[in-house]
Amino acid sequence: MQMFNPSTIAINSLAESLKTGYRNTFGNLKPDSARLIEQAVSLALENIARSDALYHNVEHTVLVTLVGQEILCGKYIREGNISRENWLEAIVSWLCHDIGYVKGICSLDQHSQRLYATGTDSNTIYLDSGKTDASLTSYHIDRGKMFVKVTFFRLRFDRCRGNCAKHLN
C-alpha cells in the first residue's frame, strides 16, 4: 500500500494539464513532445519536492507554470506567433525557474561537506548546518541555469538546453 503523496498528485496533474494545453493550442500532441513534457515536469517537481524552502515549493512552481501556460495561450490567440518549440522552452523555463534553490541539484554540490555550487564556473559556497534551501537565494538563478544546461543536455533536448537557460535570467 502506497502512502498518500500530494507532490505525486500535483506532478501527474500538471503533466496532464500541460499536455492538454499543448494539444489545445497546436492540435495533435507529438509523442516526443508528450514525453518531453512528462520528463520535464517529473525532473523539475520531483527535485523541488525535496526542497525545504517554504515558499519555493511544488505548489508555487505548479501555479507559476499554469499561469505561464495561460499567458502563452493568450499570446497565441492574439498574435499566433508561438512555435511548438518556443512553447516547450517557455514551459521548461517556468518549471525550472526556482530549481536552483534545491540543495544537491547541481553536480558540484557536496552536501556532506555543506558546499554548494554558486552556478558560476566551479565556485562553491559553504552553508552552516541548519540553513534552509532559501539560503541559496543569491545563487538560485545561476544554479538553475547550470541544472538546465546539464539536465537537458542529458535528455538530448539541445535546443531547449541553451534557450531555457537564457529564459531563466
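Residue numbers (the working numbering): 1124 to 1292.
Backbone N, C-alpha and C fix where the C-beta goes; we use that ideal spot for every residue, glycine too.
All of these numbers come straight from a predicted model, not from anything done at the bench.
Buried/exposed call for residue i, threshold 16 Cβ in 10 Å
i, result
"residue 1234", "exposed"
"residue 1228", "buried"
"residue 1270", "buried"
"residue 1265", "buried"
DSSP state of residue i mapped onto helix, strand, coil
i, result
"residue 1238", "strand"
"residue 1145", "helix"
"residue 1224", "helix"
Beta-carbon proximity list for residue i, same chain, < 7 Å, skipping 5 on both sides
i, result
"residue 1195", "1205, 1210, 1213"
"residue 1281", "Its pLDDT being 49, under 50, residue 1281 is placed unreliably in this model, and the coordinates cannot settle the point."
"residue 1192", "1141, 1144, 1214"
Cα-Cα separation between residue i and residue j, rounded to whole angstroms
i, j, result
"residue 1167", "residue 1137", "11 Å"
"residue 1295", "residue 1133", "Nothing can be reported for residue 1295: it is not among the residues displayed for the chain, which extend from 1124 to 1292."
"residue 1222", "residue 1188", "13 Å"
"residue 1178", "residue 1147", "31 Å"
"residue 1237", "residue 1253", "10 Å"
Beta-carbon proximity list for residue i, same chain, < 6 Å, skipping 5 on both sides
i, result
"residue 1259", "1224"
"residue 1218", "1163, 1167, 1188"
Other residues of its chain near residue i: CB distance less than 8 Å, five sequence neighbours each side excluded
i, result
"residue 1160", "1138, 1141, 1142, 1145, 1211, 1214"
"residue 1255", "1175, 1176, 1177"
One or two residues paired with residue i in a DSSP bridge
i, result
"residue 1249", "1238"
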